[in-house]
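Some notes on the structure that comes next.
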Amino acid sequence: MGCAASKSDEEDDVVSLCRERKRLLKSAVERRQALADAHSRYNHSLHAVAAAIRIIRKQEGIPELEEDMQRERREKEVANIVATTAAAAVDDDEEKNSDNDVEEQEGSGGDDIKIVGEDNVGQEEHNEGLSMIDNPINGRELLDALNDIEDHLVRAYGSGLDVSRMVEAKKINLQSGSEEVKEYNKRIHAITWHRTTSYQSSYCKSFLASSSKSSSTWTDLSLLVSFVVVYLTSFCHSHFQEGDKTRKTYEQKCSKLRSVDAMGDGLHFSDKTKAEVKDLYTRILVTIRSAESISKKIEKLRDEELQPQLVELLHGLMRNWKIMLESHDTQFRTIAEVGSFTCPTYGKFCNDSHRLATLQLEVEIHTWRACFVEYVTAQKSYIDALYGWLTKFLAPEIEFHSSRRSSAPPFCANGPSLLVICHDWLSSLEKLPDRAITNSLKSFGKDIRALWHQQGQEQEQKRKVDGFAKELDRRILAFQRTENRVLESKLTGQSSDIDARDRLQYLAERKDQLDMFRKRLDSEKEKHHNSMQETQRIILNAFQAGFSSIFESLAEFAKAYSKMYGDLVTYSENTKMSDEKSCNSFYIENGGYL
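In UniProt numbering, the protein residues as written are 1 to 594.
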């Protein structure tokens, strides 16, 4: 018994181990929930990108061309009038008034044709991130290819829903089983030295059976964690509340007993103290044996419940990423076939709705990238925490002064199969080519931002053209009014020949100014046309180069991901039979174990 007191450090090790297991397991639960959330967000990001692409495609409504056609008709009619103008005299006052009117209109029209400088500043900087590629002469039309890309993104999203349901986070009620814990503590406190170990083991088994119910009800990791955390909480609590007090009392009794024995008197008192020491020792021993028994139960749940659930998760992830591989590979081949982007309508992709759609796509691309990084990180964190918890079962067993033979089968050299699975899983995650995906998404986001700026410049150039066109219409009408007055003066004979010549000369000058302004408008229209072509070129190159890089890297990643899951599933299936044979062999050699 005296030697047993020296084992208090070993008991502390047992408690510390339980507390560390509890901490790691709770961390694994939190990270499992984070993984479920991250998977759901990444899956929804695929759907959001598909929706953004759909908006881009559906901005195909024909712009209102009526206004442009009416403007062209007016220009032709005015040109005919100007061409047939006869020389006539015009009243000087009317000419001044007409000049003043035109100047006022030009001043008021300045706001309509003013170019916003912000979109022009640093255009080279906006276009630096654009990835340009040589386009084949013939190939698929971009919008048609985007339709297929959208469909495959939705397909990938659908494949992830099954995994989302599988890893759906559930709140764990750590207070479940509290009544059993209280009853268990009462029984522990009531145990005396004459309670046998076999009785305690039977009670532990009964307690575990009532707490864990049947094996078929353990359909989720949260149920396993609920039981484990409840036990570890109750055990650590009972140890620190009662274990320390019991051990101190035990040490005091042992010290008192040694003193009495050394003095050689107080035989009756010594017998009483020995009985109390035996009782205290039994309490300590029962607590430790209970911990051993329930720890073995936890190990059984780990192997028989947790491992199949993780293997099932591996199957689900493998199926999910195989579909991802098919979808992303098809998307890569689809975007590689693109050779043209037809934009037959005037001003397409330069109005506010198109710029908003482009901005929305940029936002969803950045969200896609962030969700991907979060998903990969969350999976690494979860497996790392789970692996850390599993390694705590590899600690050497603490031997107590008992003649009972160890009943647990030995682990193989590399640990239990679930530990090996988590180790290989974690190692494989560290080697996956995820950086190429994040870089591709980041680059494509910059390309979309450059497209947004280019659309803004095209839109501003369109406003400038519209402003010049309105100003030209106004000047033509003013010229027409002046011309009519000259004709009236000539027909009525109200002006002299000198006045008539002056007014004809003035009218000719106004016609020259009008022609110059019309040429300026044509120049601005040419700039707008070039801007439209530049927008189309950027759209074609940005989407083809960006999506090509993204889907190529995603296909490589999905291939590595699905292979990793497939290898882990194959390993679990191959080791299942060997583990069962190993356990059966150990059972037979040792005559069976409890």
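Backbone N, C-alpha and C fix where the C-beta goes; we use that ideal spot for every residue, glycine too.
For the 7 Å CB-CB criterion, L161 and V49 do not form a contact. Between the C-alpha atoms of F372 and K296 there is a straight-line separation of about 39 Å. Note on A38: 16 or more other CB atoms within 10 angstroms of its CB, so buried under the neighbour-count rule. The shortest CA-to-CA distance from E337 to any of F557, V29, M564, R140 is the one to R140. Shown here for E552: same chain residues with a beta carbon closer than 7 Å to its own, the five before and five after excluded, namely F332 in chain order. Between D279 and V286, the alpha-carbon positions lie close to 10 Å from each other.
When the alpha-carbon of N147 is set against those of E374, S159, G158, K58, the nearest one is in K58.
Per DSSP, the unbroken alpha helix (DSSP H) holding V420 starts and ends at 417 to 431.
By the neighbour-count criterion, in which 16 or more other beta carbons inside 10 Å mark a residue as buried, R258 falls on the exposed side.
Between N320 and S531, the C-beta spacing is not below 7 Å.
Distances from the alpha-carbon of V486 to those of K380, F393, L507, H528 put L507 closest.
Taking the Cα positions, K26 is about 9 Å away from A385. Burial check for S255: the Cβ neighbour count within 10 Å stays below 16, so the residue is exposed. Counting other Cβ atoms within 10 Å of its Cβ, R520 stays below 16 and is therefore classed as exposed. Note: R41 is not bridge-paired with any residue in the DSSP secondary-structure output. When C-alpha distances from L356 are compared across T367, I53, I335, D512, the shortest belongs to I53. Annotated as proximal: W389 and L24, with beta-carbon spacing under 7 Å. Per DSSP, reduced to three states, the secondary structure at V338 is strand.
Counting along the chain, V167 sits inside no alpha helix (DSSP H), nor does DSSP assign it H or E at all.
For Y375, same chain residues with a beta-carbon under 7 Å away, outside a window of 5 residues either side, are A38, H39, Y42 in chain order. Around the beta carbon of T342, fewer than 16 other beta carbons lie within 10 angstroms, which makes this residue exposed.
Below 8 Å, enough C-beta pairs join the region 560 to 578 and the region 413 to 431 to call them touching: three or more.
The C-alpha of Q461 lies about 11 Å from the C-alpha of N351.
Using a 10 angstroms sphere on the CB of K22, the tally of other CB atoms reaches 16 or more, which defines it as buried. Per DSSP, E305 is not a residue of any alpha helix (DSSP H), being assigned neither H nor E.
Each residue's CA atom was taken as its position, placing L314 and W452 some 41 Å apart. CA-to-CA, the gap between L301 and F393 works out to about 13 Å. A direct Cα-to-Cα measurement between I383 and L35 gives close to 10 Å. Cα atoms of R32 and V167: separation of roughly 8 Å, rounded to the nearest angstrom. Residues K380, I383, D384, Y387 of the same chain have their beta carbon placed closer than 8 Å to that of L426, with the five preceding and five following residues left out of the count.
Contact annotation: F517 and L554 have beta-carbon atoms that are not nearer than 7 Å.
For D352, the enclosing alpha helix (DSSP H) starts and ends at 352 to 391. I335 is positioned such that its CB atom lies no closer than 7 Å to that of A560. Beta bridge pairing from DSSP links R140 with V338. Here D447 is buried. Its C-beta has 16 or more other C-beta atoms within 10 Å.
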